[in-house]
Structure formats: structure tokens, C-alpha cells
Amino acid sequence: MIAKLALANVRRSYKDFALYFFTLMAGVAVFYAFNSITEQQVVLSLDESQGSMIELLGVLINYVSVFIVVILGFLIVYASRFLIKRRNREFAIYLLLGMPKRTLLGITLTETVVVGAASLVAGLAVGLLISQVLLQVTALLFVAEVEGFAFFVAQGEIIKTVLVFLAIFALAMIFNVGHIMKAKLIDLINAGRKNDDIKLRSIPLSFVLFVMACALIGVAYHLLSTNGLAVNPTFGLSTALVCLGTVLFFYSLSGFLLRLVQSIKPLYFRGLNMFTLRQVASRVNTTFISMAIICMTLFLAITSVSGGVGISLAIQDSLASQTRYDATATSYYSPALSNYNPAYVTNHSYDMESGMRDSAKRLGLPDYDSVVAESAQVDYFSDTLTYRDFDEALGTSLPEYAGSLVSFGYEEQSIPIISVSQYNRAMDLAGKDTLTLAENQAVLNSDSDFTQEYLGDLAHKQPTFTVFGHDVQVQPALNTETYQTTSFPNQIGTLIVPDSVIPEGLAPVSSFLNVNYTNNPDAEQLWGEIYNGIAESTDENTWPLNMGQTREEIFSQNIGLSTIVAYLAIYIGFVLVVACAAILAIQQLSNVSDNQSRYQLLHKLGAPKRMINGALFKQILIAFAFPLLLGVAHAICALQQVTAMVQVFGHFDIVQTTAVSGAAFLIVYGLYFLLTYAAARGMLREA
Amino acid sequence: MAEKILEVRDVSKCYGGRGKKNHEASMTRALDHVNFYVEQGEYLAIMGPSGSGKSTLLNCIATIDTPTSGRIVVGGKDVTSLRSKDLAQFRREELGFVFQDSNLLDTLTIRENIALALTISHVPAKQIATQVESLAQRLNIETTLDRYPYEVSGGQKQRAAAARAVITKPHLMLADEPTGALDTKSARDLLDAFAFLNSLGTTILMVTHDSTVASYCERIVFIRDGKLWGQMRRGSSDRRSFHSRIVEATTRMEEGDSYDC
Numbered sequence: 000m001i002a003k004l005a006l007a008n009v010r011r012s013y014k015d016f017a018l019y020f021f022t023l024m025a026g027v028a029v030f031y032a033f034n035s036i037t038e039q040q041v042v043l044s045l046d047e048s049q050g051s052m053i054e055l056l057g058v059l060i061n062y063v064s065v066f067i068v069v070i071l072g073f074l075i076v077y078a079s080r081f082l083i084k085r086r087n088r089e090f091a092i093y094l095l096l097g098m099p100k101r102t103l104l105g106i107t108l109t110e111t112v113v114v115g116a117a118s119l120v121a122g123l124a125v126g127l128l129i130s131q132v133l134l135q136v137t138a139l140l141f142v143a144e145v146e147g148f149a150f151f152v153a154q155g156e157i158i159k160t161v162l163v164f165l166a167i168f169a170l171a172m173i174f175n176v177g178h179i180m181k182a183k184l185i186d187l188i189n190a191g192r193k194n195d196d197i198k199l200r201s202i203p204l205s206f207v208l209f210v211m212a213c214a215l216i217g218v219a220y221h222l223l224s225t226n227g228l229a230v231n232p233t234f235g236l237s238t239a240l241v242c243l244g245t246v247l248f249f250y251s252l253s254g255f256l257l258r259l260v261q262s263i264k265p266l267y268f269r270g271l272n273m274f275t276l277r278q279v280a281s282r283v284n285t286t287f288i289s290m291a292i293i294c295m296t297l298f299l300a301i302t303s304v305s306g307g308v309g310i311s312l313a314i315q316d317s318l319a320s321q322t323r324y325d326a327t328a329t330s331y332y333s334p335a336l337s338n339y340n341p342a343y344v345t346n347h348s349y350d351m352e353s354g355m356r357d358s359a360k361r362l363g364l365p366d367y368d369s370v371v372a373e374s375a376q377v378d379y380f381s382d383t384l385t386y387r388d389f390d391e392a393l394g395t396s397l398p399e400y401a402g403s404l405v406s407f408g409y410e411e412q413s414i415p416i417i418s419v420s421q422y423n424r425a426m427d428l429a430g431k432d433t434l435t436l437a438e439n440q441a442v443l444n445s446d447s448d449f450t451q452e453y454l455g456d457l458a459h460k461q462p463t464f465t466v467f468g469h470d471v472q473v474q475p476a477l478n479t480e481t482y483q484t485t486s487f488p489n490q491i492g493t494l495i496v497p498d499s500v501i502p503e504g505l506a507p508v509s510s511f512l513n514v515n516y517t518n519n520p521d522a523e524q525l526w527g528e529i530y531n532g533i534a535e536s537t538d539e540n541t542w543p544l545n546m547g548q549t550r551e552e553i554f555s556q557n558i559g560l561s562t563i564v565a566y567l568a569i570y571i572g573f574v575l576v577v578a579c580a581a582i583l584a585i586q587q588l589s590n591v592s593d594n595q596s597r598y599q600l601l602h603k604l605g606a607p608k609r610m611i612n613g614a615l616f617k618q619i620l621i622a623f624a625f626p627l628l629l630g631v632a633h634a635i636c637a638l639q640q641v642t643a644m645v646q647v648f649g650h651f652d653i654v655q656t657t658a659v660s661g662a663a664f665l666i667v668y669g670l671y672f673l674l675t676y677a678a679a680r681g682m683l684r685e686a
Numbered sequence: 000m001a002e003k004i005l006e007v008r009d010v011s012k013c014y015g016g017r018g019k020k021n022h023e024a025s026m027t028r029a030l031d032h033v034n035f036y037v038e039q040g041e042y043l044a045i046m047g048p049s050g051s052g053k054s055t056l057l058n059c060i061a062t063i064d065t066p067t068s069g070r071i072v073v074g075g076k077d078v079t080s081l082r083s084k085d086l087a088q089f090r091r092e093e094l095g096f097v098f099q100d101s102n103l104l105d106t107l108t109i110r111e112n113i114a115l116a117l118t119i120s121h122v123p124a125k126q127i128a129t130q131v132e133s134l135a136q137r138l139n140i141e142t143t144l145d146r147y148p149y150e151v152s153g154g155q156k157q158r159a160a161a162a163r164a165v166i167t168k169p170h171l172m173l174a175d176e177p178t179g180a181l182d183t184k185s186a187r188d189l190l191d192a193f194a195f196l197n198s199l200g201t202t203i204l205m206v207t208h209d210s211t212v213a214s215y216c217e218r219i220v221f222i223r224d225g226k227l228w229g230q231m232r233r234g235s236s237d238r239r240s241f242h243s244r245i246v247e248a249t250t251r252m253e254e255g256d257s258y259d260c
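If you're matching them up, the sequences are chains A and B in order. Quick note: the first sequence, position 475, residue 474 per numbering that gives the first Met the number 0, numbers continuous. Quick note: the second sequence, position 57, residue 56 per numbering that gives the first Met the number 0, numbers continuous.
This is how it looks when you write it as C-alpha cells:
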């Protein structure tokens, strides 16, 4: 009997349940799909470093999932409470007919179980499909094989997903039981008739408050843009101001809109405009806090997705220019380092290739020439030229450009100097254009976003510096080529000078050796043996090696890193957006269902259907658009600062990333908007 | 003879009985071949006990409901043949409504409530302002214009609803138990307002079961069990004696006598 009633209820009010079901399903699907990533390595043939990357991703996803569960839990409890409250009159009838409260509870619990079980099953099915896509994406990114053509099922994660959602449903049920047990029959009967608490606030006051809200947000933006993301009292202040401003914004928004449109009489007294605006204004008491929270959540979601995708793209983008050689080895000629033997290095006249070849032979490592086909060495020389000279020539300082990321005492750091012939040799090897310099010319080089603007402006001034007793004039164009293989751009500033400037026989400070392998299929492995053998050797008569990276290593690390960042960002962002959109949808639908009599009246007064639907559309649009617009504004301001921070990873294209993630957002958000509008129209048509 | 604003021709309304078995038996006739008309400028009341079908009749005239058979002609237009798209326009232009509970939108001020009927028809804003002001003045509610419905009395609300009903200058104003929720004094004020509107040329059709309220009208149509039972004109008699004639008639009607006046 209970089951029959419950099933009939679900079937009858499936429109109410549809949105709830859709949201639950999306939550379950995404939760499972992303958690299944942790078990992907079972079916993927990954190497050790890739495997550890996936493991790291799994750990991070587990942590993030705790946060996600809290959000989904809140959402589900909120949504199911809404569904219960809408049915107060129905419950009143059951109770009036003499149904004991226990039976009523049985009915609602059965309903929750039915909808919950259905959405769990559907969600898992969709999640399984999404996880296949994610698996292929991972395989593609890591250039790994999917072992055997099988449908990938992460059993452990299915159990975890089911348990998590059962717990959430149980929580929602506890809240619902509480609501029903507390409810008094008289309140239930009167629930439909109860008028909303109308507290229309003074409209001029709203106007003033709105201007204040905008001012607060403006001040917060200003503070953030001058202060950056450094954690200090100013940052705290700007956060507090932006929160306060946002709450105030939504508190006064409807009043402001009303006042604004009222002042344009032909617009206000046209069609149902005044009805729509008054309708929005009448709901402000119950909605302004949640609107503000939704706005801030959207802001977080946009920032996390844009930032994450941005970092990921920046990594991928800089990868090509930073992996021009199969491998790069670096040597520091510093007496402070234990493996540095000056005599050995001088004997080989600072020639890395000759030194490594000899060391390999001496240590019994694989033959150097069987691995390396061609090479190009770049030496760093040092003179008295420092950043202080650059600052003086430019008339401003590096922190003005790069902000708080510049380390203290940077002025004393000397500028590395390289010869144009070595630079050209490196470019030749990479198949890039070479440089030609006259006797008194020099070129500035930087491949890092961190200093490019600063050095670009400096080069534009064409200053003259004295290097090793020669006056050289910097050419106006900044050189941005990378002349080594490296995991992130680290040529923050180098001066390329004619060979004649560098004194004969001067010892370099450090050297890189860029190499390309022979066509030996095991070259990568053999190079690793040679490099590690020499670097780790304690033999005094070997070449000092301090750093080495190969293209393959960088690829697998960086792709792993960018995959982690992108996956996490999308996971968090998606759940946050779904949560926001679902809450907005529920609020709007309850608003429409509470106000059905008003729409009925419009119909009786002869307002055409199109006009009423238009009013409904505008009302829902206002509710959906304003939190998004303000959230985007916040995000753009914050991303300006994030950009400065992620420059370390490479070039960060804010417009492109915001456009990409914005589009993905709008699809999900827009889908909810359309679903809400369609459901609201359906409600009015039924009535 | 004045122009006929409303003609109800042989209108029947049946509920239920859609199943094939016992077609006739299971059917409820709410209206049974009703015929009457209203002339331009008339002030007419439809009276009848509860369940007599008077509200169904009003709903059919208001195009909120449709009759099973028969025709309803308002201002020369057959509303029973109008498509739903044209119905909205018809209601907007030809009809005005006053309901038992004023049905003003509580989020709008009185001024905006009255203006709503005009904004729906896309009347220019300047005209709206002057029309609302002058009509409110004549109905003696100009001081309430910038208040919200919950800030004014029930009588003022109903007069505002009447203002909303007639501001579009409809052919016919329909009122469904307009005094149902009012105290005696407010009811009298509203009926005075109706009489005033009628004197300006508005045709009013009112449904009521209250004989005092009906006595303000010029003509009364009685309806019982979905059938027209009879009608009565005030003629030259004063309101008080008209009232006693109405009471007498309703008593007989409710006792089941056939009409003989």
C-alpha cells in the first residue's frame, strides 16, 4: 500500500522530481568518473613516472572528493527539503484522513529510496560511460596503451560511490523525518494559503545601497590589483570587502533595477515589465543571501577551472619550445660543489662533450658516441653587469613589472653572458634562425613571461652596457628563444654578445650541453646510464654534472602535471556549477509554483501566453544571469593576479582559457536555465 | 431598441459522461438551454442559489470556460468560435473582471495594478498616467494610488479592482460576487461606484446571491438548476420595494415554485 502510493506520487509529480533526479544523476556520474581515475593504471601500460603521476592524481582526487561530497550533500538535502515542503497540503490530506505519521514517513522514505536508487543506477551507468572517455583521454595524453579491449569498471570506486550517496540520502531522510515529525496539521493545511512575508524596502535606499555595493567591490578590486595575491592584512581586507559588497549587491539589486526602470516610464509601463520587476523584488528577502553565496561559488568555480585549464595549457604550450633537443646536461663550475675538480675541467678546456666522452670511458659506461649524434654547448660568462644596471637604464625596477614574486636582493644578481656563435650553434641544431651581431651590438634574451615585459621595455630603450671592457648597445627587439631542454622556462635574462667581446681563455660560470641522439633505439636509456653514471660518480677525474633533463622525461612529467591540474579543475568546477545551477533552478521553480495564482490572474486579464512566458523568461534570466555576471567580474579581477602567479609555468593566455572554460560553463549552466524555464512553463500550463 | 452587447443563445454546459456507457445518465447538466441578452448600458444581475449554474454561466461568458453547445456573442463577436490565441486579445479588449476577492497583485501598488490592464495592451505610458489618475479620482481612491493592496481597506481594494476592470473601456464588465468579502458600508460604497460607472455608460453584468446587492441593478435574471427561471425589472419602483419583490421571488424560487411574476 505504502509502496503503491509512493510510486504513484513519484509518477504523478515526475516533473518536480525530474530536476532533482537529473542533478542527483549528474552528481553520481561525475563523482564515480573522476574517482575511477585512481584505478586507471590497472588497465593502462604506464611507465614508472607516469604511474606515480596517476597515483598522485588519485590522492588529490580523494582529498578533493571530501569537499565535493560536502557540496553534493548540502545540495541534495536542500533539494529534497524543497520537494517535501511543496507537498505540505498533500500531507495534510493524508493526516486528515487519519493516516498515522509513521505511515506518512514510510511513504516519503519509500519515495526517496525510489528516486535515490533510480538516480544512483542511472548515474553509475552514465559515470561508467564518462570513465571510458576519461580512460581514453589519459591513454592519449600519456601515449599509453589500453591493455586489452575491455570495458573499464572500477569496482572499488563503484562501492565507494554507492556508500557515499547512501550516506547523503540517509542524511536527507533524517532532515525530512524531522520536518514531518515537527509539522502541525494546522500549519500543513494552511501552508498553501500562507502569504509570503511582504517587506518591500524603501526603493531610494536600495538605490543608495546598490551604489555602495558597487563602490565596495570596486575598492576591493583596486586593493587586490595593487596588492596581488600575497597573504597579508590588505588581502584579507579586500576579501572581506568583496564578500560584503556581493551580499549588499544582491540585497539592493532588485530595488535598484526597479528604481532604474521606473525612471524610464515608457519601459516600466510596457507589457508585464512592472510585474516582472516587482516579482523579483518581492523575493529578495528570501533569496539575497543564497544569490550572494551562489555568486561567490560560481566565482570560485570559474577561477579554479580557468586557472587550472590555464596552467595546463601553459605547460603544454611551452613544452614544444622547451624540448628542442633530445637532452640537455648542465655543469656548474663552482668550487663549493663536491664533484667539481678544476684541474680535470681545465684539461678538457671546458669542453663538455670531450669531458663526458672521457668520463664515460673511464667509468666503463656505454660509448658516448654511440648515443650522441650532434651537440651544441652554451657557456654562461659573468661580468659586473647586474639587474641594478638594468633598473638604472630603464629608470624603474623589476618588481614594478613582476610584483611580489621577485626575490629580495635581486639587484645584485649578475646577468649571464653568452657568445653569439654558441647561441647560433644551438639554434642551428634546433633548426631555428640564427643571429648576426656587429662588433658593438648585443641582444637581450628571455623565454620567461616573468621578465619578458621588463626586458622588452629595456631593449626598446637600446641602452649601452660595458661588458668585459667593450661598450655594446642592446638591440631593440627582445629575443625569446629557448636554447636548452628544460621542464619550465628559466632563461629569465641573458645577454648575447659578439664573440670578440668575451676575453680569450676566460673560464665560464656554467655550461649546458644540448644533444641529439643517434638513431640507436635504446638511445634514451643509454644516455640515462651515461648521465647518471657520471653525475653520481665519486671519482675525482670525471666531469661535473649537476642537472640533466631529457625530452621524454619532460614530456611525461609535464603531461602528467598538466593532466592532474586540468582534471582536478574540471572536476571541482563542474560540481560547483551544477550545485549553483540546481539551487537556482529549485528556487525559481518554487517561486513560480508559489505564485501560480498571480500568473492565472494575468491570463484572466487577457495577457497573451507569449507575454506571460516572456515575463517568466525574464524573471528566471535575472536570477540566473546576475550571479554569473558578478561572478565572472570577480573572476576576471582575480585571474589577473593568478596570471602573474602561473607565469612561472609558461605563457598564460587569459582570454583563451577564460573563453574555453567559460563556454563549457555556459553549456551546463545554460542547460539548467532552459530546463528551469521549460519546467516553469509546464507548471503554468497545467494550472 | 439599444444595441445588444451580450447574447446568450441556447447555451448548455455538461460535465462528465464522456464514457460510452450510460452516456446520458452519468452526465451533469450545469446549464440547460439558457437564453438571454444584455443591452448596451444595462446594469444586470444574475441571481440563483448555490449550484444553480450562475458561476458556470459567468465563466462561459468570460471565456474562461466553454459551453458544450450554444453560442455566446459579445459585441457582435461569437466567442465560442474564437481560437485560444484570439481569446486573450478578446478578454483584454472587450471584457473587464471584478472577482470576489479583489485579486489585486500584492506586489504592485494600486496605481500599478490599475495600469496593468493598460500596459498589457501596450498603451503609451503618458496616456496610462492620466487615465489612471482621472479614473481613481472619480472612484474616490486617488489617495491610495501609491499604496500596496495590503495597506488599504477591502472596499478600496474592490474599487481599485473595478477601476482595473473598466479602464480599458470594455464592452462588458463582469463581476462575480463582488461584495462577498466586504462589510455593509464598503459594499454600499462599491455598489455606488458600480452605479456611477454604469451612469458613465459601462454595461455591467453581476453574479450574486445577495438580494440587497441585486436590488441596486435595473434588471435581474433568475437561474435555477441550470435553467432560466425568470426575470424582473426594477422599472419605476424605488430600491426598497424592488428589494422586497426580489426577496419574495427568491423565496418562491428556492421553494420550487414555478415562475409567475
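Every residue, glycine too, gets a C-beta built ideally from N, C-alpha and C. It should be emphasised that the depicted structure is a prediction, and the values quoted were computed from it without experimental measurement.
According to DSSP, residues forming a beta bridge with residue i
i                 : result
Ile416 of chain A : A:Phe380, A:Leu494
Ala506 of chain A : Note: Ala506 of chain A sits in no beta bridge, so no partner.
Val304 of chain A : In the DSSP output, where bridge partners are listed per residue, Val304 of chain A has none listed.
Ser11 of chain B  : B:Ser68
Assumed close pair residue i, residue j - CB separation to whole angstroms, cut-off 8 Å
i                 : j                 : result
Thr109 of chain A : Ile1 of chain A   : 6 Å
Arg232 of chain B : Arg218 of chain B : 5 Å
Gly254 of chain A : Ile216 of chain A : At roughly 17 Å, the Cβ-Cβ gap does not stay under 8 Å, so Gly254 of chain A and Ile216 of chain A are not in contact.
Gln490 of chain A : Val442 of chain A : The Cβ separation is near 13 Å, so there is no contact.
Thr327 of chain A : Asn513 of chain A : 5 Å
Asp31 of chain B  : Lys184 of chain B : Not confirmed; about 39 Å, so no contact.
Gly153 of chain B : Leu181 of chain B : 5 Å
Ile529 of chain A : Tyr367 of chain A : 6 Å
Thr107 of chain A : Asn175 of chain A : 6 Å
6 Å Cβ shell around residue i - same chain, five flanking residues per side excluded
i                 : result
Pro543 of chain A : Ser330, Asn338, Tyr339
Gly354 of chain A : His347, Trp542
Ala300 of chain A : Gly572, Leu575, Val576
Leu190 of chain B : Tyr215
Status (buried if at least 16 other CB within 10 Å, exposed otherwise) for residue i
i                 : result
Arg82 of chain B  : exposed
His633 of chain A : buried
Glu391 of chain A : exposed
Gly15 of chain B  : exposed
Val471 of chain A : buried
Val207 of chain A : exposed
Glu411 of chain A : exposed
His459 of chain A : exposed
Ala169 of chain A : exposed
Asn34 of chain B  : exposed
Own chain residues within Cβ distance below 8 Å of residue i, not counting five before or after
i                 : result
Gly669 of chain A : none
Thr238 of chain A : Ala219
Sequence-distant residues of its chain with Cβ nearer than 7 Å to residue i (five each side left out)
i                 : result
Ser325 of chain A : At residue 325 of chain A the sequence reads Asp, which differs from the Ser that was named. Closer than 7 Å at Cβ, skipping near neighbours: Val514, Asn515, Tyr516, Thr549, Arg550.
Phe241 of chain B : Ser214, Arg233
Asp155 of chain B : Per the sequence shown, the amino acid found at residue 155 of chain B is Gln instead of Asp. Hits under 7 Å: Ile140, Thr143.
Can you give me, in chain order, the residues of the region 118 to 132 of chain B that have a beta carbon less than 9 Å from any beta carbon in chain A?
Thr118, Ile119, Ser120, His121, Val122, Pro123, Ala124, Lys125, Ile127, Ala128
Please identify, using Cβ separations under 7 Å, the residues of the region 616 to 644 of chain A that lie next to chain B, in order along the chain.
none
Would you list, in chain order, the members of the region 154 to 185 of chain B that have their beta-carbon closer than 7 Å to a beta-carbon of chain A?
none
Output needed in chain order: residues of the region 269 to 281 of chain A with a Cβ under 8 Å from some Cβ in chain B.
Arg269, Gly270, Leu271, Asn272, Met273, Phe274, Arg277, Gln278, Ala280, Ser281
Give the residues from the region 59 to 70 of chain B that approach chain A closer than 8 Å (Cβ to any Cβ), ordered along the chain.
Ala61, Ile63
Identify each residue in the region 578 to 597 of chain A for which the Cβ-Cβ distance to at least one residue of chain B is less than 7 Å, and report them in chain order.
Arg597
Closer than 9 Å between beta carbons: that is the criterion. Which residues of the region 187 to 198 of chain B meet it against chain A?
none
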